[in-house]
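These notes concern the structure reproduced below.
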Amino acid sequence: MHHAQNFPRRRRYKLHSLEQQEALLPFVRLCPGRTYRHYWQMPTPRKDYPADSAYGRECAAHLLQWMKDNREYVGKGLLSRVARDIDFDDRDGRGQWMGFFNYLEIMMLLGADRVRVYRHVDSQHQLYLALGQRLSLEARFRRIRLRNR
């Protein structure tokens, strides 16, 4: 397949540490003067909207492959870190982030078509409520244990 620009090498993302896995994403980099990774380090936009959109879609595909390879970390804020680091006021980079998010929307629809969305979210509400109750009970027992020492 011919592309107007070079895409990052396609790969799998299953490694032993989360830090190693995230660092392999083509748009994640450590930047000077920052103590944590920057989650939207893209090449300079070409000012060719279709090519920039294609690059954004390709990066979204990398993120989706990362999620498939690291299911235990899904739902832990990776996409919010990406969104935090995108400069949405950068008009030159618009094609990249639009391609990225538009492809994620398409993939979300494909996934949503396979489940009953409201039933699923209700189960998530119940899960997080139960986890909160568990943490509360565990904290209470820790306090009791500390007092009895």
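When we follow our numbering, the leftmost residue of the sequence shown carries the number -6, and every step to the right adds one. In this text, a Cβ means the ideal position worked out from N, Cα and C, and glycines have one as well.
Straight-line gap, residue i to residue j (C-alpha atoms, nearest Å)
{"i": "Asp85", "j": "Lys40", "result": "6 angstroms"}
{"i": "Leu103", "j": "Gly49", "result": "19 angstroms"}
{"i": "Ile99", "j": "Ala53", "result": "11 angstroms"}
{"i": "Pro43", "j": "Ser116", "result": "40 angstroms"}
{"i": "Tyr96", "j": "Leu57", "result": "10 angstroms"}
{"i": "Glu15", "j": "Arg30", "result": "9 angstroms"}
{"i": "Met64", "j": "Gly70", "result": "Before going on, a small fix: residue 64 reads as Arg here, not Met. In a straight line, the C-alpha of Arg64 is about 13 angstroms away from that of Gly70."}
{"i": "Ala123", "j": "Asn141", "result": "27 angstroms"}
{"i": "Lys7", "j": "Tyr66", "result": "11 angstroms"}
Outcome for residue i when other beta-carbon atoms lying within 10 angstroms are tallied against a minimum of 16
{"i": "Phe134", "result": "exposed"}
{"i": "Val21", "result": "buried"}
{"i": "Val114", "result": "exposed"}
{"i": "Asp45", "result": "buried"}
{"i": "Gln126", "result": "exposed"}
{"i": "Gly68", "result": "exposed"}
{"i": "Glu51", "result": "buried"}
Simplified DSSP state of residue i, which is helix, strand or coil
{"i": "Arg2", "result": "coil"}
{"i": "Arg109", "result": "coil"}
{"i": "Arg27", "result": "coil"}
Near the ligand GDP: residue i beta-carbon under 7 angstroms from a heavy atom
{"i": "Gln119", "result": "Absence of the ligand GDP from the depicted structure is noted, as is the absence of any ligand whatsoever, leaving it without description."}
Sub-8 angstroms separation of residue i and residue j beta-carbons
{"i": "Tyr32", "j": "Arg74", "result": "yes"}
{"i": "Arg27", "j": "Leu17", "result": "no"}
{"i": "Pro19", "j": "Gln89", "result": "no"}
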